[in-house]
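*Asks:* Protein chains in written order, with this note's numbering: chain A, 20 to 132; chain B, 6 to 117.
Glycine included, every Cβ here is placed at the ideal spot set by N, Cα and C.
Please read these numbers as outputs of a predicted model, since none were measured by experiment.
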Amino acid sequence: SQTIHQWPATLVQPVGSPLSLECTVEGTSNPNLYWYRQAAGRGLQLLFYSVGIGQISSEVPQNLSASRPQDRQFILSSKKLLLSDSGFYLCAWSVGQGREKLFFGSGTQLSVL
Amino acid sequence: GENVEQHPSTLSVQEGDSAVIKCTYSDSASNYFPWYKQELGKGPQLIIDIRSNVGEKKDQRIAVTLNKTAKHFSLHITETQPEDSAVYFCAAPDQAGTALIFGKGTTLSVSS
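1. Opposite Lys27/B in the DSSP bridges: which residues?
2. If you follow the beta strand (DSSP E) that Ile72/A is in, where does it begin and where does it stop?
3. Decide if Ile72/A is buried, meaning its Cβ has at least 16 other Cβ atoms within 10 Å, or exposed.
4. Here's a check: name, in chain order, each residue in its chain whose Cβ is nearer than 6 Å to the Cβ of Glu44/B, leaving out the five neighbours to either side.
5. What's the gap between the Cα of Ser116/B and the Cα of His24/A?
6. Taking a contact to mean a Cβ-Cβ separation below 9 Å, would you say His77/B touches Lys42/B in this structure?
7. Thr103/B CB to nearest chain A CB: under 9 Å?
8. Would you identify the three-state DSSP class for Pro87/B, choosing helix, strand or coil?
9. Ile82/B and Val25/B: beta carbons closer than 9 Å?
10. Going along chain A in order, which residues have a C-beta closer than 8 Å to the C-beta of Phe94/B?
11. Is the beta carbon of Gly106/A within less than 8 Å of some heavy atom of the ligand GDP?
12. Take Ala101/B as the anchor and find which of Gln65/B, Asp32/B, Val69/B has the nearest alpha-carbon.
13. Measuring only the C-alpha atoms, how far is Val18/B from Pro39/B?
14. Which residues in chain B sit within 9 Å of Asn51/A, going by Cβ to Cβ distance?
15. Can you give me the C-alpha to C-alpha distance between Trp15/A and Lys73/B, rounded to a whole angstrom?
16. Helix, strand or coil, according to DSSP, for Leu102/A in the structure here?
17. Determine whether the Cβ of Phe78/B lies closer than 9 Å to any Cβ atom of chain A.
18. For Phe123/A, decide whether its Cβ has a neighbour in chain B, counting only Cβ atoms nearer than 9 Å.
19. Assuming Tyr68/A and Ala104/B are in contact, meaning their beta carbons sit under 8 Å apart, how far apart are those beta carbons, in whole angstroms?
20. Listed from N- to C-terminal order along the chain, which residues in the stretch 26–47 of chain B have their beta-carbon within a distance smaller than 9 Å of any beta-carbon of chain A?
21. Does any CB atom of chain A fall closer than 9 Å to the CB of Pro98/B?
22. Closest Cβ-Cβ distance between Asp99/B and chain D: below 9 Å?
23. If you compare alpha carbons, which of Gly126/A, Leu129/A, Thr127/A, Lys120/A is closest to Ile52/B?
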C-alpha cells in the first residue's frame, strides 16, 4: 500500500533563516506531488505541484521554492523565512485515472518568529 | 480558473441531528468533486467523492449530491456523532485537471 511521509511535524524558525521540508512517498511510482499551505483558520492554498522529476509548477509567487530530485521525493525550501510564511504545510500525492484523488501527509506546523 | 465557494464557515449541531455543507464551483468543465475531513493537527482525509456522471453517492451516514446545472454540490451527514466534529473541505479540479482547488472549509461541531 502507498504511504506518504512528511517531516518534521513541527518547526520553529527565526525570521531570515532557511527552510527545508521533505516529503517522500512509498509504494507507488511516478506520482503527482503537491505542496499546500494552510494558514490558521483558513483554507488550503496550492503552492507547487510536480508531474515528474525536475518538473515544478508554481501557483503562487512567494518566498518559497520546491524541488523534486527523485521520483518520490518532494522538497519545499526557502532561503530566508518571513513572518508570513508561518502556517501548516501539507504534502500530497495522486496517481491513477485523472490523478484528481489527493492523499495528504500529516503536515508540518511551521512557526516563524 | 476554477473558484470554489463553501458555506457555512462554521456549523454547530446536536448529536443525532443532520448536517449539510454546500459548495459552488465556477468551471462547468469540472467533473470530479471530493470532500475531505481534517481533524486537529492532521492532514485532510478523503471521505467521499463524486463524478459528474452521477447525481448522488452515499456511504453509510455520509452522502454527496451534485447539481451540474447549478454548479453546486453538498455534503450530508446524518445521525451526527461527536467524532464527526472536524473541519470539512470541498474541492474541484483546476482548469488543467492537475491539482485540486479547495473551499475555505467548514468547522463542524457536534455537541452531545
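*Replies:* Quick look at the numbers:
1. As a first step, residue 27/B is located in the second sequence; it is residue number 22 there, counting from the start. Lys27/B pairs with His12/B, Ser79/B.
2. As a first step, residue 72/A is located in the first sequence; it is residue number 53 there, counting from the start. Segment: none, Ile72/A is in no beta strand (DSSP E) and carries neither H nor E.
3. Position 53 of the first sequence, counted from the start, is the residue given in the question as residue 72/A. With fewer than 16 Cβ atoms within 10 Å of its Cβ, Ile72/A is classed as exposed.
4. Residue mapping note: residue 44/B aligns to position 39 of the second sequence, counting from 1. The residues are Ala91.
5. Mapped onto the second sequence, residue 116/B falls at position 111. Mapped onto the first sequence, residue 24/A falls at position 5. Those two C-alpha atoms are separated by around 33 Å.
6. By 1-based counting over the second sequence, the position of residue 77/B is 72. By 1-based counting over the second sequence, the position of residue 42/B is 37. Result no, Cβ atoms of His77/B and Lys42/B do not sit closer than 9 Å.
7. Position 98 of the second sequence, counted from the first residue, corresponds to residue 103/B. Judged by the 9 Å Cβ criterion, Thr103/B is in contact with chain A.
8. Position 82 of the second sequence, counting from 1, holds the residue named residue 87/B. It is helical.
9. As a position in the second sequence, residue 82/B is number 77, starting the count at 1. As a position in the second sequence, residue 25/B is number 20, starting the count at 1. Cβ atoms of Ile82/B and Val25/B: closer than 9 Å.
10. By one-based count along the second sequence, residue 94/B stands at place 89. Going along chain A in sequence order, the residues near Phe94/B (Cβ under 8 Å) are Gly62, Leu63.
11. Of the ligands one can find in the structure shown there are none, so the ligand GDP has no counterpart to examine.
12. As a position in the second sequence, residue 101/B is number 96, starting the count at 1. Comparing Cα-Cα distances from Ala101/B to each of Gln65/B, Asp32/B, Val69/B, the minimum goes to Asp32/B.
13. Within the second sequence, the letter at position 13 stands for residue 18/B. Within the second sequence, the letter at position 34 stands for residue 39/B. If I take the Cα positions, the gap works out to 23 Å.
14. On the first sequence, residue 51/A is found 32 positions in, with the first residue counted as 1. Under the 9 Å cutoff, chain B gives Thr103, Ala104.
15. Nothing about residue 15/A can be read from this structure; chain A reaches only from 20 to 132.
16. For the purposes of this step, residue 102/A is identified with residue 83 of the first sequence, where counting begins at 1. Three-state result, Leu102/A: helix.
17. Looking up residue 78/B in the second sequence gives position 73. Not closer than 9 Å to any Cβ of chain A, the Cβ of Phe78/B fails to qualify, so no.
18. On the first sequence, residue 123/A is found 104 positions in, with the first residue counted as 1. Closer than 9 Å: yes.
19. For the purposes of this step, residue 68/A is taken as residue 49 along the first sequence, with counting starting at 1. For the purposes of this step, residue 104/B is taken as residue 99 along the second sequence, with counting starting at 1. Contact holds; Cβ gap of about 5 Å.
20. Asn36, Tyr37, Pro39, Tyr41, Gln43, Gly46, Lys47
21. For the purposes of this step, residue 98/B is taken as residue 93 along the second sequence, with counting starting at 1. It does: the Cβ of Pro98/B has a partner Cβ on chain A nearer than 9 Å.
22. The chain labelled as chain D is not found among the protein chains of the depicted structure, namely A and B.
23. Numbered from its first residue, the second sequence carries residue 52/B at position 47. It is Lys120/A whose Cα lies nearest to the Cα of Ile52/B.
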